[in-house]
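Enquirer:
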Amino acid sequence: MKVALITPFLSHLPLHPSSYLGYGAAILRKRYELEIIDLNAHIYFKSREGLKEVLSAFDKKPVVVDNSDLYPHCDQLTDTAEKELKQISWKDYQTVFITTPSWFTTIPTEDILKLSNLIKRESHRTEIVFFANSLGSWTEEGRLVKHGIRIGHLNDLFNVNPGNEPVKYDTLPAPVYENREKYLFDLLPFRMKHGCTWGKCRFCSLARGWNSGYLERSGKAIIQEMEELIDRYNPKMLVCRDNSINGNNLLEFCSHFEKFKKPWVGMARADLSAKEIQALQKSGCKFIYFGLESGSDRVLSEINKGIDTRQMSHFIRELYDHGIMPAPSLFVGTPGETEDDFEKTVQFISDHKDFVEIINLYPLMITPGSDFSITKEEPNTKALIRLNTLIRVCRDIGIKTCVGAQCAEYLLFKRVYPNQDHNSTGYG
Ligand code: SF4
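Read in the working numbering, the sequence shown has 185 at position 131, and its numbers run on one by one without any break.
1) Given N303, which residues of its chain have a CB within under 8 Å of its CB, disregarding the five upstream and five downstream residues?
2) Output the distance between the C-alpha atoms of V230 and A58, rounded to the nearest integer angstrom.
3) How many Å lie between F426 and K145 at the Cα?
4) I need the DSSP call for E87, collapsed to helix, strand or coil.
5) From the DSSP output, which residues share a beta bridge with K247?
6) Determine the closest residue to M366 out of A322, K329, Q335, with distance taken between C-alpha atoms.
7) For E181, report the span of its beta strand (DSSP E) as first-last.
8) Could you tell me whether any non-hydrogen atom of the ligand SF4 is closer than 7 Å to the CB of A324?
9) Given this structure, state the Cα-to-Cα distance separating P227 from S337, to the nearest angstrom.
10) Go through its chain and collect everything with a Cβ distance to H376's Cβ below 8 Å, but skip five positions before and after it.
11) Could you check if N288 is buried or exposed, using at least 16 other CB atoms within 10 Å of its CB as the buried criterion?
12) Leaving aside the five residues before and after T159 along the sequence, list all residues of the same chain whose C-beta is less than 8 Å from its C-beta, in chain order.
13) Can you find at least 3 beta carbon pairs, one from the stretch 77–87 and one from the stretch 108–120, that sit closer than 8 Å?
14) If you measure from the CB of N297, is any heavy atom of the ligand SF4 nearer than 7 Å?
15) Does DSSP classify T429 as helix, strand or coil?
16) Skipping 5 residues on each side, what residues in its chain have a beta carbon closer than 6 Å to that of C128?
17) Looking at the ligand SF4, does it come within less than 7 Å of L294, judged from the CB to the closest heavy atom?
18) Please confirm whether V118 and C456 have their CB atoms less than 8 Å apart.
19) Do you know offhand how far I428's Cα is from T421's?
20) Is the Cβ-Cβ distance between P382 and F344 less than 8 Å?
21) Taking just the CA atoms, how far does D224 sit from N209?
22) Between the C-alpha atoms of K137 and L88, what's the straight-line distance to the nearest angstrom?
23) If we ignore side chains and look at the alpha-carbon of each, how far apart do L172 and T61 end up?
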């Protein structure tokens, strides 16, 4: 009997395979005859002509919005995904492991249940297991269990009753990635830790649920894994998928990573030291995506960011001076945001226009597992009006504006590696 490892089809651009898929594949392959089905990547790949049109519109527009420029295209693909799923002979699999596609942690419970129900309808004996860091935030563990889905953990995928603990990446085999032509970029993910050094932002779901807790890897283990990945796949670039690269292993990692002469990118909190930024530059880091969140110190304090606007400003300038593109993300509409706070945000953006090419803006959403969601806070009623104003401001001062993380990530990768997108990989 065989085992399958599958991702659900979601509105997640297949920028690269997910770490969970790679580690899961490496673990399962040691024990079973394994079929890896990254359905999300496969469906986008099947409709690559349509996707190319969508993505080239991203390139041309000064303002790109996931909701209107990408998601309608994804909706059209849902039927294709369902047809593909019906063609799979689920009876051939003793167990089907479901995990996250690409990079997002936002996997709605409904999507897992839909996939699981479809499998069970054809093969009620097939065991279904779900493992991903969206558990306890975007994916409701209890509802999955109620529907007969077993919860798995990367630390021990065969344990039927795993606890919620940080992933011990150092103990896992090097990830396995297949069918790399199905991804938009010749790009592989890696991890330097589980969790976030801070973990206390009140709006944040990323550091909640099964993604909470903190465990750093040893610099040596990361580099050994990199050596294996680079030898086996020789990717054009790499992306660190930590919530923030800040940590005690960053300097050691950078000093060893230099030898690979590969560009890489990551996410950080805006309080890296001058020494760390220098090390990033030397190691080949090309952009840092970070949560600016607001240009108002009052709002930064309200959301418990732990970083003020003076540090944010310094960070942007330091990255820029070191040839690393600062890629800020910010939102409008925190519950207590005043007109004065909003004006400060507009001013902050205008003051930094010479350092920022691409910005990710969005209206605050109360996401599952966050403090804001637990305390039942509501976004400010002016959020959408302010978002539109800020979009106009950014457009007028020449900053390319992305409303939504999908278009932002795509355009940032494209900006750093203009020749490594779908036109020069399997999508061509
Ligand atoms: S928003 Fe970022 S820095 Fe803040 S807790 Fe979440 S992951 Fe950590």
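Idealized CB from N, CA, C, for every residue including glycine.
Predicted model only: the values in this text are computed from it and were never measured.
Expert: In this structure, then:
1) Stepping through the sequence shown from its first residue, residue 303 is reached at position 249. Here the set comprises M246, K247, E270, R271, S272, G273, I276.
2) Mapped onto the sequence shown, residue 230 falls at position 176. Mapped onto the sequence shown, residue 58 falls at position 4. Each residue's CA atom was taken as its position, placing V230 and A58 some 14 Å apart.
3) Here residue 426 corresponds to residue number 372 of the sequence shown, with the count starting at 1. Here residue 145 corresponds to residue number 91 of the sequence shown, with the count starting at 1. About 43 Å.
4) Along the sequence shown, one-based indexing puts residue 87 at 33. Here E87 sits in strand by DSSP.
5) Translated into the one-based positions of the sequence shown, residue 247 becomes position 193. According to DSSP, K247 bridges with E270.
6) For the purposes of this step, residue 366 is taken as the residue at position 312 of the sequence shown. Per the Cα distances, A322.
7) Working through the sequence shown from its first residue, we reach residue 181 at position 127. Unbroken beta strand (DSSP E) run through E181: 181–184.
8) Along the sequence shown, one-based indexing puts residue 324 at 270. Relative to the ligand SF4, A324 has its C-beta separated by 7 Å or more from all heavy atoms.
9) Against the sequence shown, residue 227 aligns to sequence position 173. Against the sequence shown, residue 337 aligns to sequence position 283. The straight-line gap from Cα to Cα measures roughly 24 Å.
10) Counting from one through the sequence shown, the residue named residue 376 turns up at place 322. Answer for H376: I331, Q332, L334, Q335, listed in chain order.
11) For the purposes of this step, residue 288 is taken as residue 234 along the sequence shown, with counting starting at 1. Exposed, because fewer than 16 other Cβ atoms sit within 10 Å of the Cβ of N288.
12) Along the sequence shown, one-based indexing puts residue 159 at 105. Same-chain partners within the cutoff: A186, N187, S188, S191, W192, S259, L260, N265.
13) no
14) Working through the sequence shown from its first residue, we reach residue 297 at position 243. Flag set: Cβ of N297 near the ligand SF4.
15) Working through the sequence shown from its first residue, we reach residue 429 at position 375. Reduced to three states, the DSSP call for T429 is coil.
16) Position 74 of the sequence shown holds residue 128. S65.
17) As a working mapping, residue 294 is identified with position 240 in the sequence shown. The question names Leu, yet the displayed sequence has Cys at residue 294. No, the ligand SF4 has no heavy atom inside 7 Å of this Cβ.
18) By one-based count along the sequence shown, residue 118 stands at place 64. By one-based count along the sequence shown, residue 456 stands at place 402. In this structure, C456 lies closer than 8 Å to V118 by Cβ.
19) As a working note, residue 428 is residue 374 in the sequence shown. As a working note, residue 421 is residue 367 in the sequence shown. Spanning the two alpha carbons is a distance of roughly 10 Å.
20) What you label residue 382 is simply residue 328 of the sequence shown in a count that begins at 1. What you label residue 344 is simply residue 290 of the sequence shown in a count that begins at 1. Closer than 8 Å, so yes.
21) The sequence position of residue 209 within the sequence shown is 155, counting from 1. The sequence position of residue 224 within the sequence shown is 170, counting from 1. Approximately 10 Å, taken between the alpha carbons.
22) Here residue 137 corresponds to residue number 83 of the sequence shown, with the count starting at 1. Here residue 88 corresponds to residue number 34 of the sequence shown, with the count starting at 1. Their Cα atoms are separated by approximately 22 Å.
23) On the sequence shown, position 118 is the one that residue 172 refers to. On the sequence shown, position 7 is the one that residue 61 refers to. Distance between the alpha carbons of L172 and T61: 14 Å.
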